[in-house]
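In my numbering, the protein residues as written are 97 to 208. Notes follow the structure.
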């Protein structure tokens, strides 16, 4: 079954935009260093990522982030939405300065 994201229409009456509802009660904080760190399993098809420092991340069943091809850079304090397959994890590694990656899943129907 495909998970449906709970959303609200935002914007004015001329240009409505579907805006996800974020599940802050199931957010994760992953501390990262020069060694890749994985998140716990994420059960949402959409997550919001915010890092306290520049970092690299990758998504998968058993991912290992690196400062190399195959991992995406995420600038410090950038709000980024990433689509994933529910049940996957996110791995993160620093770009020279240790920090934290906040992973906030979107609420889904039948979920929290």
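Don't be surprised by glycine CBs; every beta carbon is placed ideally from N, CA and C.
{"Check": "C-alpha distance - residue 97 paired with residue 203, whole-angstrom precision", "Outcome": "Confidence is the limiting factor: at residue 97 the pLDDT is only 48, short of 50, which leaves the residue's position unreliable, though a coordinate-based value still follows. Spanning the two alpha carbons is a distance of roughly 16 Å."}
{"Check": "Between the CA atoms of residue 172 and residue 189 - distance to the nearest angstrom", "Outcome": "13 Å"}
{"Check": "Validate contact between the segment 190-199 and the segment 140-150 using beta carbons, cut 8 Å, 3 pairs", "Outcome": "yes"}
{"Check": "Beta-carbon proximity of residue 145 to residue 196, cut-off 8 Å", "Outcome": "no"}
{"Check": "Cβ-Cβ separation, residue 141 to residue 182 (assumed contact under 8 Å), whole Å", "Outcome": "6 Å"}
{"Check": "Same chain, Cβ closer than 7 Å to residue 163, five either side skipped, listed in chain order", "Outcome": "152, 189 and 191"}
{"Check": "Per-residue DSSP class, three states only, for residue 121", "Outcome": "helix"}
{"Check": "Pair within 8 Å by beta-carbon distance, residue 143 and residue 180", "Outcome": "yes"}
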